[in-house]
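Residue numbers (our numbering): 44 to 366.
By construction, the Cβ of each residue, glycine as well, lies at the ideal position given by its N, Cα and C atoms.
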């Protein structure tokens, strides 16, 4: 089920095993809280937590022992495991296999993972809670819900700007919305200017914005964003970030694998691959490779002392905007 369906299903009772999975940390945390709220009467006596690393060193029997323990002054016990990615073979161990086949009716197991685990999804008795990044439509509704409770108006375009500045990260969107509500409380409306003034652009958003301008041949606007970078360390960081971004786009257009597989190989979130694929369609693989090589050569020239960072930065920027 999707995260937004969880609240309704909990009205009909709690399942014995939940796999709370996805890259949106806000949803994962909230799903965990919601399940605990309806399951626990005495949390201090009926809650235990482990990490995947704990189970690797201590063995899965520790988990099953916790799940088989009786609750105290509560109908249920809750055991939560963070970042546990067992293989299909791991789940065939006698104690784990028996527990998943017949879970205790007085225990709730929550497995909270950022990345997917196919073995757990296929295991018996597991209820999946999908905590993937929220759509723009859902995020706009979320922001409006918060602002409406505070008697503030916010337009769709301002919501979208806030979402993009935060790169769809709901944890940050939530905090920035609270900040905007406090700032605009006496103004009746959260404006575009307020977002510009108060919400710092995520560094990934800056890179996205630069690449988007280049893709649209809006070179003056791209240069304007790039020229905000002033210190030598920031210039080096920007070049490294641009290299990583163009490299990601290159792999996205040359790979036939799905977003999840590419994300795993590149060590980034699936959402990042999705956005990179969208932008990469405006470039040819040849152009992406040329830009990658230009940035890599510039970085090497600086690190080996051949050229100072200011020269490297200017040459790379010129190369990116003219390739």
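Asked, Found
"Cβ-Cβ distance between residue 94 and residue 120 below 8 Å", "no"
"Cβ shell of residue 173 (< 8 Å), same chain only, five flanking positions each side left out", "44, 45, 46, 64, 65"
"Where the alpha helix (DSSP H) through residue 100 begins and ends", "95–101"
"Inter-residue Cα distance where the pair is residue 51 and residue 145", "25 Å"
"Reduced DSSP secondary structure (H/G/I, E/B, other) of residue 80", "helix"
"Collapsed DSSP secondary structure at residue 90 in the structure displayed", "strand"
"Buried versus exposed, by CB contacts within 10 Å (16 or more), residue 12", "Any question about residue 12 goes unanswered here, given that the chain covers just 44 to 366."
"Proximity below 8 Å, CB of residue 163 to CB of residue 124", "no"
"Helix, strand or coil at residue 285 [DSSP, three-state]", "helix"
"Residue 289 beta carbon less than 8 Å from that of residue 373", "Because the chain here runs from 44 to 366, residue 373 falls outside it and cannot be looked at."
"Rounded C-alpha distance that separates residue 177 from residue 160", "20 Å"
"Other residues of its chain near residue 265: CB distance less than 7 Å, five sequence neighbours each side excluded", "253, 256, 257, 364"
"Same chain, Cβ closer than 7 Å to residue 68, neighbours up to 5 away in sequence not counted", "214"
"Proximity winner among 311, 297, 296, relative to residue 303 (alpha-carbon distances)", "311"
"Nearest residue (CA-CA) to residue 273, options 49, 347, 357", "357"
"Test item: CB-CB of residue 204 and residue 235 under 8 Å", "yes"
"Ranges of the alpha helix (DSSP H) found wholly within the segment 309–334, counting only runs of at least 4", "313–323"
"Same chain, Cβ closer than 8 Å to residue 77, five either side skipped, listed in chain order", "49, 50, 53"
"Host alpha helix (DSSP H) of residue 353 (start-end)", "352–365"
"Endpoints, the alpha helix (DSSP H) within which residue 191 is located", "179–192"
"Length-filtered (4 minimum) alpha helix (DSSP H) runs lying within the segment 99–132", "104–111"
"Neighbour-count burial assignment, residue 131, 16 or more Cβ in a 10 Å radius", "exposed"
"The ligand HEM heavy atom lying under 7 Å from the CB of residue 362", "With respect to the ligand HEM, the structure shown offers nothing to examine, as it has no ligands at all."
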